[in-house]
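Engineer: In the numbering used here, the protein residues as written are 1475 to 1755. Idealized CB from N, CA, C, for every residue including glycine. Have a look at this one.
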């Protein structure tokens, strides 16, 4: 008889857990939908402003410089160990197969096609997304955004469009920076620790790396940056409840942006692999 309450509470706990999970998933999808809708509106507004020669260039450059300051050095520090790890792990496997000359191709493609876009997305989704969400969240809870609406100023046009443009400018630059640093660190490890000759490393790298790989990497960085910035802006503009609401918005922006980028990267990788398999240049 004493076990009856425990047995009866088990189904209730399962129902509550499933309900909480479903509510979380639906809420996240709704948030992502609102963010995408705001992103589409912001693109339309930005194009209209550019055609009418009233685009906020100064604000865009200010935001871009801010993003560079908060992401460049951490991205370099992340790219160095990433290039070392990829080169070491791939080198050990390739050495066992007796194909040391392929280390450059495997390590370089790993950095270009996967490592650099994801590292850039993590940096932008961590430092950049947190900064944007906290800035807009603080403006929202101080009722600055409501005051802008009262004065007839569109917050999307004034606050969101310059940040999207800045992110679109910085994302590919950060991606290229990570590619350069990651390949350089991988090359250093391959030559000094794995006894690979510099000529064979660059020969295999040039044989398998095509311009398409570079373009795919840059396009992925642009898509990831767009996804990160619209989620951050949306969470910042919907912040409520004072400082606690701003903190919750920042946390949600970071978690949602990185999760969304990871899912998008998986889908893009499958599509690119299906239509553009790895081949020699």
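Applying the 10 Å Cβ sphere with the 16-neighbour rule, what's the burial state of residue 1730?
Structural biologist: The residue in question, residue 1730, is buried, as its Cβ has 16 or more Cβ neighbours within 10 Å.
Engineer: When you compare the CB positions of residue 1564 and residue 1585, do they come within less than 8 Å of one another, or not?
Structural biologist: No; because the gap between Cβ atoms is not below 8 Å, this pair is not in contact.
Engineer: Given this structure, state the Cα-to-Cα distance separating residue 1722 from residue 1624, to the nearest angstrom.
Structural biologist: Roughly 26 Å separates the two Cα atoms.
Engineer: I'd like to check one pair, residue 1530 with residue 1636: are the Cβ atoms closer than 8 Å?
Structural biologist: Yes, the Cβ-Cβ distance between residue 1636 and residue 1530 is below 8 Å.
Engineer: If distances are taken between C-alpha atoms only, which option among 1666, 1686, 1712, 1594 comes closest to residue 1655?
Structural biologist: The residue with the shortest Cα to Cα distance from residue 1655 is 1594.
Engineer: Give, in chain order, every unbroken run of the alpha helix (DSSP H) that is at least 4 residues long and sits entirely within the region 1567-1635.
Structural biologist: Counting whole runs of 4 or more residues, the region 1567-1635 contains the alpha helix (DSSP H) stretches 1577-1584, 1590-1597, 1603-1615, 1618-1624.
Engineer: Counting only the same chain and skipping the five closest in sequence on each side, list residues whose C-beta sits under 8 Å from that of residue 1714.
Structural biologist: The answer, listed in chain order, is 1614, 1615.
Engineer: Could you tell me if residue 1543 is buried or exposed, where buried requires 16 or more neighbouring beta carbons within 10 angstroms of its beta carbon?
Structural biologist: Exposed, since its Cβ has fewer than 16 Cβ neighbours within 10 Å.
Engineer: Buried or exposed: which applies to residue 1679, given that a residue is buried once 16 or more other Cβ atoms fall within 10 Å of its Cβ?
Structural biologist: With 16 or more other Cβ atoms within 10 Å, it is buried.
Engineer: Answer yes or no: do residue 1705 and residue 1509 have a C-beta to C-beta separation smaller than 8 Å?
Structural biologist: It is a contact, given that the beta carbons lie within the stated cut-off.
Engineer: Can you tell me which of 1583, 1577, 1535, 1519 puts its alpha carbon nearest to the alpha carbon of residue 1685?
Structural biologist: Out of 1583, 1577, 1535, 1519, 1583 has the C-alpha closest to the C-alpha of residue 1685.
Engineer: Taking residue 1589 as the reference, give the member of 1601, 1694, 1631, 1539 with the closest Cα.
Structural biologist: If we check each option's Cα against that of residue 1589, 1694 comes out closest.
Engineer: Since residue 1725 is in the alpha helix (DSSP H), which residue starts that stretch and which ends it?
Structural biologist: Residue 1725 -> alpha helix (DSSP H) spans 1717-1749.
Engineer: Hey, could you find the ends of the alpha helix (DSSP H) residue 1708 is sitting in?
Structural biologist: 1685-1711 is the extent of the alpha helix (DSSP H) around residue 1708.
Engineer: Could you tell me how far apart the beta carbons of residue 1567 and residue 1668 are, in whole angstroms, since I believe they sit closer than 8 Å?
Structural biologist: Not really, about 11 Å apart at Cβ, beyond 8 Å.
Engineer: Are the CB atoms of residue 1707 and residue 1648 within a distance shorter than 8 Å?
Structural biologist: In this structure, residue 1707 does not lie closer than 8 Å to residue 1648 by Cβ.
Engineer: Given a threshold of 16 other Cβ atoms within 10 Å of its Cβ, counted over all protein chains shown, does residue 1591 qualify as buried or as exposed?
Structural biologist: Buried.
Engineer: Mapping the DSSP letters down to three states, classify residue 1670 as helix, strand or coil.
Structural biologist: Here residue 1670 sits in coil by DSSP.
Engineer: Short check: CB of residue 1599 to CB of residue 1702, under 8 Å?
Structural biologist: Going by C-beta atoms, residue 1599 is nearer than 8 Å to residue 1702.
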